[in-house]
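> Take this structure, written in structure tokens, and hold onto it; I'll ask about it next.
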Amino acid sequence: MNVVDEKDPSHNTDQESLGFFGRIGLFYRQVVSELRKVVWPTRNQLTTYTAVVLVFVGFIIAIVSVFDLILTKIVFWVFG
Numbered sequence: 000m001n002v003v004d005e006k007d008p009s010h011n012t013d014q015e016s017l018g019f020f021g022r023i024g025l026f027y028r029q030v031v032s033e034l035r036k037v038v039w040p041t042r043n044q045l046t047t048y049t050a051v052v053l054v055f056v057g058f059i060i061a062i063v064s065v066f067d068l069i070l071t072k073i074v075f076w077v078f079g
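In numbering that gives the first Met the number 0, the protein residues as written are 0 to 79.
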């Protein structure tokens, strides 16, 4: 009943037979293979996305700073 099917991909013995450095080499080959499939953004897209992220981070910093200021004033008023 618990017979392992030899064609079952979950029991791949190829990676188990590789040594430590063989597995590291396999990992890096797979990483390079996946990175070749990536569609890299153009310089214009990269500039736009960077600007959007910086504006968003600045906005969040402003919101957190205002909340911090308000809560600081409340704490000093209550305990101060």
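All residues carry an ideal CB built from backbone N, CA and C; glycine is no exception.
Can you tell me the Cα-Cα spacing of Arg35 and Gln29, whole angstroms?
Reading the sequence shown from its first residue, position 36 is the one you call residue 35. Reading the sequence shown from its first residue, position 30 is the one you call residue 29. When rounded, the distance between both Cα atoms is 10 Å.
> Spatial neighbours of Gly57 within its chain, please: CB distance less than 8 Å, with the 5 preceding and 5 following residues excluded, ordered by chain position.
Taking the first residue of the sequence shown as 1, we reach residue 57 at position 58. Correct list: empty, nothing qualifies.
> In this structure, how does DSSP classify Leu25 when only helix, strand and coil are distinguished?
To locate residue 25, count along the sequence shown from 1; it is residue 26. Helix.
> Under a three-way DSSP split, which group does Trp39 fall into?
Looking up residue 39 in the sequence shown gives position 40. Of the three classes helix, strand and coil, the one that applies to Trp39 here is coil, per DSSP.
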